[in-house]
Amino acid sequence: MLQRNVITRSPTGAVGRPLATAAAAALLAVSLAAFAALCVLQRAPMADALVYRAEGAAVAHGTDLYGFTVTEWRLPATYPPFAALLFVPAAWLAPPALKVAFVLGNAVLLAVLVRLSCRLAGLAARLPAVCAATALTLWLEPVFQSVLFGQINLALVCLVLWDLSRPPGAPGKGVAVGIAAGVKLTPVAFIAYLLFTGRRREAGTAAGTFAGTVLLGAFVLPAASVDFWTRRLYETGRIGKPWIVDNQSLQGLIARALGEPSPGPAWALPAAVVGCAGLWLSCTRTAAVPTAAAAKSPPAGKIPYAARARHPDEAPYPEEALHPEKAPHVSEASHASMTTPVPRATHAPGTTYAPEVAYAPEVTCASRTTYASKTTYAPDRALAYAGRAVPHAGRSAPAAGPHPDRWGVLGTAFTALLVSPISWSHHWVWCVPLIVVLYAGHGPRPAAAVAAVFTARTLWLIPHQGDLDLRLPWWQQPLASPYPLLGLLVLAQLSVSSSSASRIR
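Note that the working numbering has the sequence shown beginning at 259, numbered continuously upward.
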């Protein structure tokens, strides 16, 4: 019988947490105040928010949804009719109030995105860390531009990331992805990702929800729906010039490199190759994710986590600690028979079992609450609760390890951004989860390097007035297209990782 290690936690940690939270909150307040002051000094027009307001007004007043232009840049409506239905409340606000609402709303969404990114990366989303990360990521160029223009990119990324990071078989999983695709067509790539990774139920839910948004738009706005799906969708020139530095898609990179305003086949063929290869790599880099049925019924011969017998000296599992009445208990003799190593030859092909169980010493805090300081489970269950503590009320639960979908989701996102005809720089807010996942899995140096790329703003430092974007020297080309080059680098790294994993297997 193993002896329990009892450690009493010093009250110093309890004092340090409020101080850390206060410091992080102060940093966030200073960051938001500096951003607001910059908006006031520059008289930021928040042009995209005004376009959304005009779309909502067109729906409310029954005018032509795709026949107007607003702001000094004469911007038209470019989203599907379903999105215009969601923008109706924006028409109820005066422009100054609308701008304030967009800034505050995007600040909240950025904090949500940081928290979701932590869940994707397997990091504990503590309040001080979330506040500090929100304060810093606000100044990443895609995030900064998205808030400055009054964009909805953060909302769409949060919808997709929240949906895809939910457990298998979660009720309505796929609905949020379908809604995001109905607002802006780029997230359709995630429906294909779900389908090709074998999650047909979630893919069907997402596709059905997307179809529902199309039908709802057609029911409420029939003329606008016919106009959009038969004509406006294919007029990419309405969105903007594809060759300007604002466009950080593969088409923008090739157009500037060739000096051609419309690269045509020179872009279409590479885009098709990158699209197929990127989606394939994203699907192969996704770890085995159980389906809803598999999550409910574990394979024969494997002990379900919640039903696994526990040694009397073993620290409680997190679920048991929260619900003691659910904790199974058997005799030591029965437990010994369950934990006896089984010869590898008797295992099913391709299945690996843990040869032993490591019992965890316990940590007793000043509040006399018992925590498991370390518990080792079978590696094929992909569960590691090292240093885990049962959360108190009001405290977020630590993450249960990196999500198996993390690189698949990021690879799909960057593939969609690369092959889209237009991917403005503020569309690349997927840089936030990328940085967090890199930090969790590879340390601060790669994360800092990627953060530097998205903070440097090199695309705005080179000459880009008029048509100078098409006459850049070779050494300025990487500065004009940092995001697509980094996206291609991510896909290349996925390819190398997939090849290494195949050789190991």
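Each residue gets a CB set at the ideal place from its N, CA and C atoms; glycine is no exception.
Given residue i as reference, the closest of the options once Cα atoms are compared
i, options, result
"THR471", "CYS389, ALA342 and TRP688", "ALA342"
"ALA369", "GLN409, PHE326, LYS357 and ALA413", "ALA413"
"PRO353", "ALA302, LEU385, LEU374 and ARG275", "ALA302"
"SER404", "ASN364, ALA530 and THR716", "ASN364"
"PRO740", "LEU323, ILE720 and SER755", "ILE720"
"ILE437", "GLY666, ALA464 and SER423", "ALA464"
"GLY466", "ALA482, ARG377, SER483 and VAL446", "VAL446"
"ALA674", "SER507, GLN735, PRO660 and ASP663", "SER507"
"SER375", "PHE672, VAL695 and LEU752", "VAL695"
"TRP538", "ARG664, SER753, TYR324 and GLY475", "SER753"
"LEU422", "GLN723, TYR337, ASP663 and LEU744", "ASP663"
"GLY699", "GLY659, ARG729 and GLY724", "GLY659"
"THR444", "ALA535, TRP501, PHE672 and ALA291", "PHE672"
"PHE360", "GLY408, ALA382 and GLY498", "GLY408"
"LEU308", "THR327, LEU290 and ASP322", "THR327"
"SER681", "HIS722, PHE712, ILE497 and PRO528", "ILE497"
"GLU460", "VAL435, PRO334 and THR488", "VAL435"
"VAL503", "TRP718, THR321, THR329 and ALA287", "TRP718"
"LEU296", "LYS442, ALA382 and TRP397", "TRP397"
"VAL288", "ALA390, ALA515 and GLN735", "ALA390"
"PRO449", "VAL418, ALA428 and LEU473", "Reading off the sequence, residue 449 comes out as Ile, not Pro. Taking only the C-alpha atoms, the option nearest ILE449 is VAL418."
"VAL366", "ALA382, PRO528, LEU290 and ALA515", "LEU290"
"ARG514", "ALA284, PRO276 and GLN734", "GLN734"
"TRP420", "GLY462, LEU381 and ARG377", "ARG377"
"ALA710", "SER755, ARG384, LEU730 and LEU737", "LEU737"
"VAL687", "THR321, ASN411 and LEU351", "ASN411"
Buried versus exposed call for residue i [16 or more other C-beta atoms within 10 Å across all chains shown]
i, result
"ASP727", "buried"
"TRP732", "exposed"
"GLY440", "buried"
"CYS416", "buried"
"GLY432", "buried"
"PRO742", "buried"
"PRO599", "At PRO599 the pLDDT is 45, less than 50, meaning the model places this residue with poor confidence; the figure from the coordinates comes in the next sentence. Exposed: under 16 other Cβ atoms inside 10 Å."
"TRP331", "exposed"
"VAL388", "buried"
"PHE477", "exposed"
"GLY475", "buried"
"PRO500", "buried"
"ALA379", "buried"
"VAL532", "buried"
"HIS650", "Low confidence applies to HIS650: its pLDDT is 41, below 50, so where it sits in the model is not reliable enough to give any reading."
"THR392", "buried"
"GLN723", "exposed"
"ARG458", "exposed"
"GLY536", "buried"
"VAL677", "buried"
"SER683", "buried"
"ALA750", "exposed"
"ALA529", "buried"
Per DSSP, the bridge partner or partners of residue i
i, result
"LEU333", "VAL328"
"TRP682", "ASN505"
Same chain only: Cβ atoms within 8 Å of residue i, ignoring 5 sequence neighbours per side
i, result
"LEU747", "none"
"VAL708", "CYS689, LEU692, ILE693, LEU696 and LEU744"
"SER595", "Only weak support exists for where SER595 lies, its pLDDT of 46 falling under 50; the value from the coordinates is given anyway. Around SER595: no qualifying Cβ."
"TYR337", "GLU313, VAL441 and LYS442"
Other residues of its chain near residue i: CB distance less than 6 Å, five sequence neighbours each side excluded
i, result
"THR494", "PRO679"
"LEU479", "PRO339"
"PRO386", "ALA278, THR279 and ALA282"
"TYR697", "ALA705"
"THR455", "CYS541 and THR544"
"LEU511", "SER739 and PRO742"
"GLY517", "LEU728"
"ASP306", "PHE407, GLY408 and GLN409"
"LYS357", "MET304"
"LEU323", "ALA316, ALA335, ALA342 and ALA482"
7 Å Cβ shell around residue i - same chain, five flanking residues per side excluded
i, result
"THR395", "LEU368, VAL372, VAL401 and VAL690"
"ALA318", "VAL346 and ALA349"
"ARG424", "LYS431"
"TYR310", "PHE345 and ALA348"
Contact with chain D by residue i, beta-carbon distance below 8 Å
i, result
"ALA434", "No chain D appears in the structure shown, which is made up of a single protein chain."
Margin query: For the structure I just gave you, are there three or more beta carbon pairs, one from the region 307-325 and one from the region 341-361, closer than 8 Å?
Written below: With a cut-off of 8 Å, the region 341-361 and the region 307-325 count as touching, because enough Cβ pairs lie within range.
Item checked: Three CB pairs or more closer than 8 Å across the region 475-494 and the region 697-704 -> no
Notebook entry, point to check: Is the number of C-beta pairs between the region 661-670 and the region 524-534 that are closer than 8 Å three or more?
Noted result: no
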